[in-house]
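Participant: Residue numbers (full-length UniProt numbering), protein chains in the order written: chain A, 1 to 315; chain B, 1 to 315. Even for Gly, the Cβ is constructed at its ideal location relative to N, Cα and C. My questions all concern the structure below.
Number of protein chains: 2
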Amino acid sequence: MKLATLPGPTPDGRLVAVEGDRCRPLACGTMLAWLDGGDGTLGAAEPFDIRDVLAPLPRSWQFLDGSSYVNHVELVRRARGAEMPESFWHDPLMYQGLSVFTPPTASIPSKPGWGTDLEAEVAVVTGPVPRGASPAEAAKAIRLICLLNDISLRGLIPAELAKGFGFVHGKPASALSPLALTPDELPGWDGARLHGTLRVDLNGAPFGRAEAGVDMIFDFPHLITHAAATRDLPAGTVIGSGTVSNRDADGGPGRPVAEGGRGYNCIAEQRVVETILHGDAATPFLVPGDRVKIDMQGPDDASLFGIIEQEVIAA
Amino acid sequence: MKLATLPGPTPDGRLVAVEGDRCRPLACGTMLAWLDGGDGTLGAAEPFDIRDVLAPLPRSWQFLDGSSYVNHVELVRRARGAEMPESFWHDPLMYQGLSVFTPPTASIPSKPGWGTDLEAEVAVVTGPVPRGASPAEAAKAIRLICLLNDISLRGLIPAELAKGFGFVHGKPASALSPLALTPDELPGWDGARLHGTLRVDLNGAPFGRAEAGVDMIFDFPHLITHAAATRDLPAGTVIGSGTVSNRDADGGPGRPVAEGGRGYNCIAEQRVVETILHGDAATPFLVPGDRVKIDMQGPDDASLFGIIEQEVIAA
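Written out as structure tokens, the structure is:
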């Protein structure tokens with residue numbers, strides 16, 4: 001199924017199964033009710049316009065975001081001359097994020113000094129996962145896959161992380177793609193990773209073309225077992241992959257798309273590479289008027305999840 | 001109103017207004033529906049047994065826990081010989097926590113090495129708060145007050161915080177008190193802080209008797225404005241005070257209740273004080289069989305929020 005959420009009687013909206021330009025409502029009403037085991041019987045078909053959607057899961061009980069593409073972490077550290085602990089290749093970085101998600105076309109509020117950035121990610125939505133679940137149990141609990149834009153306020157993050165308790169100000173609400181797909185809808189899903197090119201455009205120009213199935217050191221079952229080490233995960237838990245990031249073929253820091261590289265999925269990474277290569281970051285963070293587009297296409301070039309398309313506005 | 005949630009058709013339970021040993025269901029069904037503006041019409045009275053309750057808010061969209069009693073933070077730092085940044089007196093520490101809450105009598109799973117600890121806190125539940133809200137707007141948004149036991153796994157926290165992204169493993173689900181009260185039910189609520197003695201017992205003996213209204217450097221409106229600096233807060237946001245902690249009258253690190261002091265609201269703090277005074281921590285963290293009790297009484301010695309009473313079990 002391809003699931004979307006349309007505006008409804010509550011902020012949780014109205015869950016529908018999308019079939020081309022038509023959709024059919026699920027009897028249980030909302031994505032959360034469906035994940036809790038609610039009635040998935042499909043109602044009568046009605047017209048569907050993808051521009052009307054909310055996030056498929058507008059709010060949930062938990063969002064845990066990993067940093068699976070360790071290349072990204074290593075680059076960021078290298079730029080500031082810090083060694084990356086070897087343990088980062090074995091023990092996932094993960095933070096507890098805000099589990100309220102904006103529609104795919106929500107504007108991104110930004111203030112001078114916030115250093116507003118995108119982070120293009122893959123995310124999964126789980127059913128219930130008991131504490132201490134095995135990777136096999138975790139894999140079975142993956143109900144849906146979607147794309148996610150983890151908005152990051154780089155100007156606020158260093159001071160916030162220095163306090164030692166993780167992100168609050170630095171990570172406002174993320175956006176989700178219009179559609180969340182069950183695994184059977186995705187030939188590129190191998191049960192643990194999503195294979196496909198993540199297409200990120202900035203102001204209409206290609207910015208990132210990384211392969212989501214490559215260089216993902218911790219796959220989703222691994223991230224889920226990490227998340228469930230000391231807690232039960234409720235149905236509706238969203239697990240993010242972290243910014244998708246590929247190593248360059250020669251092990252170097254990669255090149256922009258315009259120079260034949262795979263580009264970057266957040267501005268911070270491009271700035272890091274600029275700093276490594278030229279001693280200075282040239283690409284500015286997002287400012288009002290900037291437009292971000294995140295997409296992944298299937299073999300027929302059609303968008304798999306619909307397009308995240310957001311414009312930055314003054315907060 | 002004194003609100004409680006009884007088991008119901010979904011994990012969100014069935015919201016009731018408690019009147020002595022009777023209760024009346026709210027028409028909207030759940031705490032989240034009520035906070036979203038749902039119908040608060042009361043139905044017919046039915047018998048109420050406080051031993052049956054879930055958390056008043058079994059799961060929500062967001063839990064942000066502050067560290068308002070800066071004395072606690074300063075003590076912990078002093079024990080390890082670290083200076084506390086002066087900014088900690090002006091800029092609240094806050095982390096994004098797990099917004100799933102256990103019933104007040106849920107057992108606390110623990111493994112050897114986890115260093116399982118309680119943290120007795122006051123918490124508020126908010127209505128919707130827009131980004132950038134003022135302290136006055138924040139104060140008006142406070143809908144309910146309750147007590148909270150923020151379970152902390154001290155054995156896992158140092159390594160987790162060293163990774164830089166805050167808590168996941170170290171902070172499993174917190175427990176809430178049986179009842180959440182509207183401000184008008186609490187003479188000790190001054191609009192920003194709750195005044196009253198937080199009564200924490202460990203294995204039947206008094207462990208903490210701190211004054212919740214004293215030494216709370218950041219009041220709840222301040223914590224809420226901090227939380228809302230870069231994001232809208234959805235109705236149902238839970239804001240924790242952090243471990244309640246009082247300075248000693250002479251500015252010293254305090255004394256156990258048995259020695260005439262106000263005691264401690266987490267074992268870590270008692271261990272810190274033991275380390276400061278004697279060079280070594282004597283009190284062990286919780287082990288299976290240990291019993292924790294958290295309560296606050298009104299002027300008539302009756303429990304205001306019902307009692308959090310949890311036993312530690314082997315995970």
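Under a CB-based cut-off of 9 angstroms, is residue 229 of chain A close to chain B?
Facilitator: Here residue 229 of chain A is taken as the residue at index 229 of the first sequence, counted from 1. True, the Cβ-Cβ gap to chain B drops below 9 angstroms.
Participant: Would you mind stating whether residue 2 of chain A and residue 180 of chain A have Cβ atoms separated by less than 9 angstroms?
Facilitator: Numbered from its first residue, the first sequence carries residue 2 of chain A at position 2. Numbered from its first residue, the first sequence carries residue 180 of chain A at position 180. Contact flag set, yes.
Participant: Kindly say whether residue 310 of chain B, judged by its beta-carbon, lies nearer than 9 angstroms to any beta-carbon of chain A.
Facilitator: As a first step, residue 310 of chain B is located in the second sequence; it is residue number 310 there, counting from the start. No, residue 310 of chain B lies away from the interface with chain A (no Cβ there is under 9 angstroms from its Cβ).
Participant: Pull up the DSSP beta-bridge partners for residue 146 of chain B, would you.
Facilitator: In the second sequence, residue 146 of chain B corresponds to position 146, counting from 1. Beta-bridge pairing links residue 146 of chain B to B:123.
Participant: If you draw a straight line from the C-alpha of residue 34 of chain B to the C-alpha of residue 280 of chain B, how long is it?
Facilitator: For the purposes of this step, residue 34 of chain B is identified with residue 34 of the second sequence, where counting begins at 1. For the purposes of this step, residue 280 of chain B is identified with residue 280 of the second sequence, where counting begins at 1. Approximately 49 angstroms, taken between the alpha carbons.
Participant: I'd like to know whether the C-beta atoms of residue 161 of chain B and residue 164 of chain A end up nearer to each other than 9 angstroms.
Facilitator: In the second sequence, the residue the question calls residue 161 of chain B occupies position 161. In the first sequence, the residue the question calls residue 164 of chain A occupies position 164. Yes, the Cβ-Cβ distance between residue 161 of chain B and residue 164 of chain A is below 9 angstroms.
Participant: Tell me which residues share the same chain as residue 123 of chain A and place their Cβ nearer than 6 angstroms to its Cβ, disregarding the 5 neighbours each side in the sequence.
Facilitator: By 1-based counting over the first sequence, the position of residue 123 of chain A is 123. The residues are 146, 148, 238 and 240.
Participant: Mind pulling the chain A residues with CB within less than 7 angstroms of residue 173 of chain B?
Facilitator: Counting from 1 along the second sequence, the entry for residue 173 of chain B is found at position 173. The answer, in chain order, is 231.
Participant: For residue 111 of chain B, which residues from the same chain have a beta carbon less than 7 angstroms from its beta carbon, with the 5 sequence-adjacent residues on both sides left out?
Facilitator: Here residue 111 of chain B refers to the residue found at position 111 of the second sequence. Here the set comprises 315.
Participant: Work out the CA separation of residue 45 of chain A and residue 183 of chain B for me, nearest whole Å.
Facilitator: The count along the second sequence starts at 1 and reaches residue 183 of chain B at position 183. The count along the first sequence starts at 1 and reaches residue 45 of chain A at position 45. The straight-line gap from Cα to Cα measures roughly 47 angstroms.
Participant: Quick one: Cα of residue 270 of chain B to Cα of residue 116 of chain B, how far?
Facilitator: By 1-based counting over the second sequence, the position of residue 270 of chain B is 270. By 1-based counting over the second sequence, the position of residue 116 of chain B is 116. Straight-line Cα distance between these residues: approximately 14 angstroms.
Participant: Under DSSP, the beta strand (DSSP E) around residue 238 of chain A begins and ends at which residues?
Facilitator: For the purposes of this step, residue 238 of chain A is identified with residue 238 of the first sequence, where counting begins at 1. Where residue 238 of chain A is concerned, the enclosing beta strand (DSSP E) stretches over 238-240.
Participant: Which residues share a DSSP beta bridge with residue 314 of chain B?
Facilitator: Numbered from its first residue, the second sequence carries residue 314 of chain B at position 314. Its beta-bridge partners are B:110.
Participant: Under 6 angstroms Cβ to Cβ from residue 291 of chain A, same chain only, skipping five residues before and after it: list those, please.
Facilitator: For the purposes of this step, residue 291 of chain A is identified with residue 291 of the first sequence, where counting begins at 1. Result list for residue 291 of chain A: 203 and 311, in chain order.
Participant: Taking beta-carbon pairs under 7 angstroms, can you tell me which members of the region 35-69 of chain B lie near chain A?
Facilitator: So the close ones are 36, 59, 61, 62 and 64.
Participant: Taking 8 angstroms as the threshold, find out whether the region 138-145 of chain B comes into contact with the region 214-221 of chain B through three or more Cβ pairs.
Facilitator: Output reads yes: the region 214-221 of chain B touches the region 138-145 of chain B.
Participant: Under the rule that 16 or more other beta-carbon atoms within 10 Å means buried, what is residue 90 of chain B, buried or exposed?
Facilitator: Translated into positions along the second sequence, residue 90 of chain B becomes position 90. It is exposed - the Cβ of residue 90 of chain B has fewer than 16 other Cβ atoms within 10 Å.
Participant: Can you name the residues that DSSP bridges to residue 60 of chain A?
Facilitator: Your numbering for residue 60 of chain A matches position 60 in the first sequence. In DSSP, residue 60 of chain A forms no bridge with anything.
Participant: With distances taken from CA atoms, which of A:174, A:86, A:154 and A:38 is nearest residue 285 of chain A?
Facilitator: Counting from one through the first sequence, the residue named residue 285 of chain A turns up at place 285. The shortest C-alpha separation from residue 285 of chain A is found at A:154.
Participant: Please list, in chain order, the residues of the region 77-96 of chain A that have any C-beta partner in chain B closer than 7 angstroms.
Facilitator: Residues 93, 94, 95 and 96.
Participant: Run through chain A and tell me which residues come within less than 8 angstroms of residue 99 of chain B, C-beta to C-beta.
Facilitator: Counting from one through the second sequence, the residue named residue 99 of chain B turns up at place 99. Within 8 angstroms Cβ-Cβ: 61, 62 and 99.
Participant: Closest by CA to residue 302 of chain B, which one among B:214, B:190, B:186 and B:243?
Facilitator: The residue you call residue 302 of chain B lines up with position 302 of the second sequence. Here the closest residue by C-alpha is B:186.
Participant: Using a Cβ-Cβ cut-off of 7 angstroms (strictly less than) and excluding sequence neighbours within five positions of residue 73 of chain A, which residues of its own chain qualify?
Facilitator: Along the first sequence, read from residue 1 onward, the residue named residue 73 of chain A stands at position 73. Result list for residue 73 of chain A: 67, 84, 88 and 93, in chain order.
Participant: Using a Cβ-Cβ cut-off of 7 angstroms (strictly less than) and excluding sequence neighbours within five positions of residue 288 of chain B, which residues of its own chain qualify?
Facilitator: Start at 1 with the first residue of the second sequence, and residue 288 of chain B comes out as number 288. If we look at residue 288 of chain B and ignore the five residues flanking it on each side, its Cβ neighbours are 110, 312, 313 and 314.
Participant: Could you tell me the distance, in whole angstroms, from the CA atom of residue 260 of chain B to the CA atom of residue 106 of chain A?
Facilitator: By one-based count along the second sequence, residue 260 of chain B stands at place 260. By one-based count along the first sequence, residue 106 of chain A stands at place 106. Cα-Cα distance, rounded: 57 angstroms.
Participant: Please determine, among B:158, B:174 and B:175, the residue with the shortest C-alpha to C-alpha distance to residue 268 of chain B.
Facilitator: Taking the second sequence and counting its residues from 1, the one referred to as residue 268 of chain B is at position 268. The residue with the shortest Cα to Cα distance from residue 268 of chain B is B:158.
Participant: Checking contacts by CB at 9 angstroms: is residue 126 of chain B closer than that to chain A?
Facilitator: Position 126 of the second sequence, counted from the first residue, corresponds to residue 126 of chain B. With 9 angstroms as the cut-off, residue 126 of chain B does not count as an interface residue toward chain A.
Participant: When the Cα atoms are used, what is the spatial distance from residue 20 of chain B to residue 306 of chain B?
Facilitator: Locating residue 20 of chain B in the second sequence gives position 20, where the first residue counts as 1. Locating residue 306 of chain B in the second sequence gives position 306, where the first residue counts as 1. Cα to Cα, the separation comes out at about 12 angstroms.
Participant: So which residues of chain B does residue 161 of chain A contact, with C-beta pairs closer than 8 angstroms?
Facilitator: Your numbering for residue 161 of chain A matches position 161 in the first sequence. Result: 164 and 165.
Participant: Taking Cβ to Cβ, would you say residue 17 of chain B is nearer than 9 angstroms to residue 54 of chain B?
Facilitator: Taking the second sequence and counting its residues from 1, the one referred to as residue 17 of chain B is at position 17. Taking the second sequence and counting its residues from 1, the one referred to as residue 54 of chain B is at position 54. In this structure, residue 54 of chain B does not lie closer than 9 angstroms to residue 17 of chain B by Cβ.
Participant: To which residues of the same chain is residue 52 of chain A closer than 8 angstroms at the C-beta, ignoring the five residues directly before and after it?
Facilitator: Numbered from 1 along the first sequence, position 52 holds the residue referred to as residue 52 of chain A. Cβ neighbours of residue 52 of chain A beyond the five flanking positions: 6 and 7.
Participant: Measuring CB to CB, does residue 129 of chain A end up less than 9 angstroms from residue 227 of chain A?
Facilitator: Residue numbering aside, residue 129 of chain A sits at position 129 when the first sequence is read from its first letter. Residue numbering aside, residue 227 of chain A sits at position 227 when the first sequence is read from its first letter. Cβ distance < 9 angstroms, so residue 129 of chain A and residue 227 of chain A count as in contact.
Participant: Taking 9 angstroms as the CB-CB limit, is residue 122 of chain B close to chain A?
Facilitator: On the second sequence, residue 122 of chain B is found 122 positions in, with the first residue counted as 1. It does not: the Cβ of residue 122 of chain B has no partner Cβ on chain A nearer than 9 angstroms.
Participant: Span of the alpha helix (DSSP H) holding residue 80 of chain A?
Facilitator: The count along the first sequence starts at 1 and reaches residue 80 of chain A at position 80. Segment: none, residue 80 of chain A is in no alpha helix (DSSP H) and carries neither H nor E.
Participant: Determine the chain A residues that contact residue 153 of chain B at a beta-carbon separation under 7 angstroms, and present them in chain order.
Facilitator: Stepping through the second sequence from its first residue, residue 153 of chain B is reached at position 153. Correct list: 230.
Participant: Taking all protein chains shown into account, decide if residue 324 of chain B is buried (16 or more other Cβ within 10 angstroms of its Cβ) or exposed.
Facilitator: Missing from the structure shown is residue 324 of chain B; chain B here goes from 1 to 315 and no further.
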